[in-house]
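Data block below; observations after.
Number of protein chains: 2
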Amino acid sequence: MATVVPVDRELLERARARQDRLTKPPGSLGRLEEVGVRLAAIQRSPKPRLGRGAVVVAAADHGVTAEGVSAYPAEVTPQMVLNFLAGGAAINQIARAAEAEVYVLDVGVNGPEFPVRERLIPARVRAGTGNIAREPAMSPVEAMAALQAGENAARRAISEGARLLAAGDMGIGNTTAAAALTAAFLGLPAEEVTGRGTGVNDEAYRRKVEVVSRALERARAEVGELRKTDPLEVAAQLGGLEIIAAAGVLLAGAAAGLPVVTDGFPVTAGALLAARLEPNLKDYLFAGHRSVEPGHARQLQALGLEPILDLDLRLGEGTGAVLSFPILRAAAEVLAGMATFTEAGVSEG
Amino acid sequence: MATVVPVDRELLERARARQDRLTKPPGSLGRLEEVGVRLAAIQRSPKPRLGRGAVVVAAADHGVTAEGVSAYPAEVTPQMVLNFLAGGAAINQIARAAEAEVYVLDVGVNGPEFPVRERLIPARVRAGTGNIAREPAMSPVEAMAALQAGENAARRAISEGARLLAAGDMGIGNTTAAAALTAAFLGLPAEEVTGRGTGVNDEAYRRKVEVVSRALERARAEVGELRKTDPLEVAAQLGGLEIIAAAGVLLAGAAAGLPVVTDGFPVTAGALLAARLEPNLKDYLFAGHRSVEPGHARQLQALGLEPILDLDLRLGEGTGAVLSFPILRAAAEVLAGMATFTEAGVSEG
Numbered sequence: 014m015a016t017v018v019p020v021d022r023e024l025l026e027r028a029r030a031r032q033d034r035l036t037k038p039p040g041s042l043g044r045l046e047e048v049g050v051r052l053a054a055i056q057r058s059p060k061p062r063l064g065r066g067a068v069v070v071a072a073a074d075h076g077v078t079a080e081g082v083s084a085y086p087a088e089v090t091p092q093m094v095l096n097f098l099a100g101g102a103a104i105n106q107i108a109r110a111a112e113a114e115v116y117v118l119d120v121g122v123n124g125p126e127f128p129v130r131e132r133l134i135p136a137r138v139r140a141g142t143g144n145i146a147r148e149p150a151m152s153p154v155e156a157m158a159a160l161q162a163g164e165n166a167a168r169r170a171i172s173e174g175a176r177l178l179a180a181g182d183m184g185i186g187n188t189t190a191a192a193a194l195t196a197a198f199l200g201l202p203a204e205e206v207t208g209r210g211t212g213v214n215d216e217a218y219r220r221k222v223e224v225v226s227r228a229l230e231r232a233r234a235e236v237g238e239l240r241k242t243d244p245l246e247v248a249a250q251l252g253g254l255e256i257i258a259a260a261g262v263l264l265a266g267a268a269a270g271l272p273v274v275t276d277g278f279p280v281t282a283g284a285l286l287a288a289r290l291e292p293n294l295k296d297y298l299f300a301g302h303r304s305v306e307p308g309h310a311r312q313l314q315a316l317g318l319e320p321i322l323d324l325d326l327r328l329g330e331g332t333g334a335v336l337s338f339p340i341l342r343a344a345a346e347v348l349a350g351m352a353t354f355t356e357a358g359v360s361e362g
Numbered sequence: 014m015a016t017v018v019p020v021d022r023e024l025l026e027r028a029r030a031r032q033d034r035l036t037k038p039p040g041s042l043g044r045l046e047e048v049g050v051r052l053a054a055i056q057r058s059p060k061p062r063l064g065r066g067a068v069v070v071a072a073a074d075h076g077v078t079a080e081g082v083s084a085y086p087a088e089v090t091p092q093m094v095l096n097f098l099a100g101g102a103a104i105n106q107i108a109r110a111a112e113a114e115v116y117v118l119d120v121g122v123n124g125p126e127f128p129v130r131e132r133l134i135p136a137r138v139r140a141g142t143g144n145i146a147r148e149p150a151m152s153p154v155e156a157m158a159a160l161q162a163g164e165n166a167a168r169r170a171i172s173e174g175a176r177l178l179a180a181g182d183m184g185i186g187n188t189t190a191a192a193a194l195t196a197a198f199l200g201l202p203a204e205e206v207t208g209r210g211t212g213v214n215d216e217a218y219r220r221k222v223e224v225v226s227r228a229l230e231r232a233r234a235e236v237g238e239l240r241k242t243d244p245l246e247v248a249a250q251l252g253g254l255e256i257i258a259a260a261g262v263l264l265a266g267a268a269a270g271l272p273v274v275t276d277g278f279p280v281t282a283g284a285l286l287a288a289r290l291e292p293n294l295k296d297y298l299f300a301g302h303r304s305v306e307p308g309h310a311r312q313l314q315a316l317g318l319e320p321i322l323d324l325d326l327r328l329g330e331g332t333g334a335v336l337s338f339p340i341l342r343a344a345a346e347v348l349a350g351m352a353t354f355t356e357a358g359v360s361e362g
């Protein structure tokens with residue numbers, strides 16, 4: 014697994030001191046200032062600059078859809094992969110506006126193989142997870158393969174020019190897996206982390222909470238206390254393949270010294286996994302947005318992250334993460350390009 | 014004054030209907046969806062697209078600084094204009110990151126003339142306002158000249174390619190004028206709309222509230238009930254020149270059919286003035302961000318605007334407005350580029 018070097022605390026302090034000498038009242042750029050400071054430390058430069066971005070949208074299916082936890086049929090996962098490849102999905106438009114490439118990682122879609130496309134990465138570990146209400150999502154070896162698939166996808170995006178990386182997700186049923194994983198990692202009951210995903214009705218929502226509870230009980234019976242179990246083994250129990258791949262994307266990005274951006278509830282479940290595997294990840298991690306999913310706030314709190322955007326998104330695909338790229342770039346530009354009071358000959362207050 | 018054509022309600026409805034057929038759960042892009050719908054109606058196109066942006070930073074001085082209402086000396090206004098022209102200010106970096114030109118409009122700076130620069134627009138109506146605690150900010154004729162200076166600056170930016178326009182402000186003391194103007198237009202007491210601006214201490218803050226109250230009383234004594242007086246006459250009483258120019262920028266942008274974006278407290282005081290002069294402005298107006306200034310929330314409420322960003326900014330210069338440009342562009346791209354469920358062959362829930 015990729016190892017991540019912590020950022021230098023002295024570089025953080027030096028960037029903060031420089032931020033305060035720039036021609037603006039100290040603190041007047043609000044949360045943009047600390048974002049810039051962190052980018053300076055990550056890039057080991059007093060004048061950070063971000064270039065093009067990339068998002069790896071990891072796609073996989075979920076056996077748990079058999080329990081009726083989603084408003085959409087499972088076939089939508091492969092259909093949406095084709096839509097990503099054709100450029101017709103939300104993430105394609107948002108990535109274009111935010112100067113980012115879209116890579117689609119098939120880490121476990123259930124269906125025929127996809128046609129060969131330049132930015133499709135075929136790395137199917139298995140054709141969807143097991144039904145976590147009844148059986149493990151996958152084996153620990155498969156979990157490791159999914160993690161490595163995410164890492165490899167990130168390395169490819171970086172080798173092709175990405176200087177800023179996000180993970181995205183596509184997988185009908187994946188907010189159920191994300192809820193189970195979040196409950197397991199944070200020691201919370203199912204009700205507190207289960208939301209309505211893409212929009213289930215009241216009855217399906219009650220079923221979803223019940224399914225998450227059963228999955229947690231089953232996993233506990235198999236591997237013991239979940240907060241004390243090896244995190245990848247917990248992930249193998251609860252899934253999903255794309256959530257684990259998202260963890261790999263974030264880890265490999267941070268290991269390469271890039272700022273990495275988490276998206277909504279499923280990807281941030283991956284971020285929780287990644288931070289368990291490698292706590293230094295947090296130094297490189299930004300939260301693109303605050304999702305409508307109630308469990309997302311708990312995840313961000315656990316990761317110590319304040320989201321950049323708050324636009325009531327609940328789509329996934331990496332949309333909220335990539336939408337924050339221009340704000341991250343602006344935060345870097347402020348430190349890179351602004352004059353100090355002395356340089357500009359401006360009187361201080 | 015520029016007249017603004019209201020947007021076609023049927024185009025709004027048609028754009029909303031299209032938004033719901035795109036390959037995402039309806040509503041899953043949250044507030045981005047209504048932004049896109051409004052942009053479609055403004056551009057009179059089901060597939061809106063925004064190009065380059067521009068910000069007109071209007072700069073002017075305030076006689077009321079004699080009352081000790083600001084943490085910075087008045088000489089900072091011309092110093093910061095030079096900083097804008099040299100590219101060293103926050104707005105320059107943010108505009109670069111957000112693909113926007115920066116025009117600097119000298120509508121009333123107190124000091125020597127500035128050197129000739131391509132994007133400096135010299136249109137000084139007078140060398141700063143009168144001290145509004147004791148006298149009118151300017152004459153009604155000067156107020157009209159400031160409004161027209163803003164309109165002309167906007168027209169130039171549009172003629173040079175801007176398809177998305179923001180107003181910005183620079184003027185030591187201008188949150189005092191903005192508070193007075195906001196109190197006058199919304200019928201609120203000084204305490205409710207006066208904040209700490211760029212960061213005054215407790216004593217200066219109390220003085221600032223007192224100064225705003227005195228300015229309101231004085232203006233009432235001169236022209237009568239402020240909510241019933243001609244808005245430009247109220248603005249002539251309370252200022253400032255850059256606030257009135259910002260109103261002109263927004264009006265001319267909307268009149269030309271562009272989306273226009275308001276910034277923090279002073280510029281949004283200008284937006285209140287503009288909306289009083291031409292209520293159809295609201296159809297074209299977006300709020301870039303929510304400022305830390307307490308009166309800003311009252312202004313946005315009065316204009317019926319929900320801000321796009323909420324990053325605790327309190328700098329002005331147009332920074333919060335321009336920072337939202339990429340989000341506006343992404344909202345347009347979603348409608349312009351996404352496939353419908355039918356087009357993409359994706360099953361609906």
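For the protein sequence lines, the chains are A and B, in the order given.
According to our numbering, the first sequence is numbered sequentially starting from 14.
According to our numbering, the second sequence is numbered sequentially starting from 14.
Where a beta carbon is used, it is the ideal one built from N, C-alpha and C, also for glycine.
Proximity below 9 Å, CB of residue i to CB of residue j
i, j, result
"D215 of chain B", "G331 of chain B", "no"
"K37 of chain B", "A71 of chain A", "no"
"G174 of chain A", "L263 of chain A", "no"
"N293 of chain B", "V18 of chain B", "yes"
"V69 of chain A", "L199 of chain A", "no"
"A334 of chain A", "G283 of chain A", "no"
"L239 of chain B", "A267 of chain B", "no"
"F338 of chain B", "A113 of chain B", "yes"
CA nearest to the CA of residue i, picked from the options
i, options, result
"T211 of chain A", "A:R132, A:L45, A:I185", "A:I185"
"F354 of chain A", "B:A53, B:V89, B:L42, B:P19", "B:V89"
"L328 of chain B", "A:D33, A:L42, A:P19", "A:L42"
"E346 of chain A", "B:A110, B:Q56, B:V68", "B:A110"
"L271 of chain B", "B:K295, B:L290, B:V305", "B:K295"
"A146 of chain A", "A:A190, A:D276, A:V94, A:I55", "A:A190"
"R65 of chain A", "A:A170, A:A136, A:A265", "A:A170"
"I257 of chain B", "B:L290, B:P202, B:E47, B:I321", "B:L290"
"P279 of chain A", "A:A343, A:L194, A:L341, A:E205", "A:L194"
"V120 of chain B", "B:A73, B:T78, B:E361", "B:A73"
"P149 of chain A", "A:R44, A:G76, A:Q161, A:A288", "A:G76"
Outcome for residue i when other beta-carbon atoms lying within 10 angstroms are tallied against a minimum of 16
i, result
"V274 of chain B", "buried"
"V154 of chain A", "exposed"
"K241 of chain A", "exposed"
"G252 of chain A", "buried"
"D323 of chain B", "buried"
"T16 of chain B", "exposed"
"A234 of chain B", "exposed"
"G141 of chain A", "buried"
"G277 of chain A", "buried"
"E23 of chain B", "exposed"
"G261 of chain A", "buried"
Simplified DSSP state of residue i, which is helix, strand or coil
i, result
"H309 of chain A", "helix"
"A269 of chain B", "coil"
"Y85 of chain A", "coil"
"N114 of chain A", "It should be noted that the sequence gives Glu, not Asn, for residue 114 of chain A. Reduced to three states, the DSSP call for E114 of chain A is strand."
"M183 of chain B", "strand"
"T6 of chain B", "Examination of residue 6 of chain B is not possible in this model, given that chain B is present from 14 through 362 alone."
"A53 of chain A", "helix"
"A190 of chain A", "helix"
"V206 of chain B", "helix"
"A352 of chain B", "coil"
"D321 of chain B", "This sequence places Ile at residue 321 of chain B; Asp is not what is there. Of the three classes helix, strand and coil, the one that applies to I321 of chain B here is coil, per DSSP."
"G121 of chain B", "strand"
"L290 of chain B", "helix"
Proximity test, residue i beta-carbon vs the ligand MG heavy atom, cut-off 8 Å
i, result
"R220 of chain B", "Among the ligands in the structure shown, none appear at all, so the ligand MG cannot be discussed."
Exercise for review: Taking a Cβ distance cut-off of 8 Å, strictly less, list which residues of the stretch 347-359 of chain A are near chain B, in chain order.
Suggested key: V347, A349, G350, M351, A352, E356, A357, G358, V359
Practice item. With 9 Å as the C-beta to C-beta threshold (strictly closer), list the residues of the stretch 76-102 of chain A near chain B in chain order. Key: S83, A84, Y85, P86, E88, V89, Q92, M93, L95, N96, A99, G100, G101, A102
Point to revise | Against chain A: residues of the stretch 125-151 of chain B by CB proximity under 9 Å | key: none
Point to revise | Under 8 Å (Cβ pairs) to chain A, residues found in the stretch 268-293 of chain B | key: none
Exercise for review: Could you list the residues in the stretch 168-179 of chain A with a C-beta less than 8 Å from some C-beta on chain B, going in chain order?
Suggested key: none
Review point. Can you list, in chain order, the residues of the stretch 195-216 of chain A whose Cβ is nearer than 8 Å to any Cβ on chain B?
Key: T211, G212
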